[in-house]
Amino acid sequence: MGKRRTSGSSARRMAPKPQYGMLWLPVFIFFLMLSGLTVFYVWERIKLREISREIIDLNKTRKLLVEENERLRAQAEELTSYRRIYTLAKQQFGFVELKPKIIYMPVQQKD
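Just so you know, my numbering puts 29 at position 38 of the sequence shown, and the rest follows in order with no gaps.
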């Protein structure tokens, strides 16, 4: 005689599906944290590169300003030298140098 078929779950038992329940939550949090750390790392590298460029530009500007400052100091020293002032006074304003004289002042007596 033939095999008897029974209806329902007793005839053929299927393997139970694994139940993961809330397992997706830690996995989601892990990937979220990983994504956040990656974004932070990339942002940090970009900022570091920008700051490095800014430092290089500021160093170049500083070097130019130091050179200009040295040039201006030398120019100011040259313009305020006594020899130059004496020459300008003689040529442009007709300055005549007087020979030194000794001037005597009478001593005042106290009463």
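Just so it is clear, CB atoms sit at the ideal spot from N, CA and C, and this is done for glycine as well. Since this is a predicted model, take the numbers as computed values, not measurements.
- DSSP, read as helix, strand or coil, puts T71 in coil.
- A straight line joining the alpha-carbon of K8 with that of V18 spans about 20 Å.
- The C-beta distance from R75 to E69 rounds to 7 Å, short enough to fall under 8 Å.
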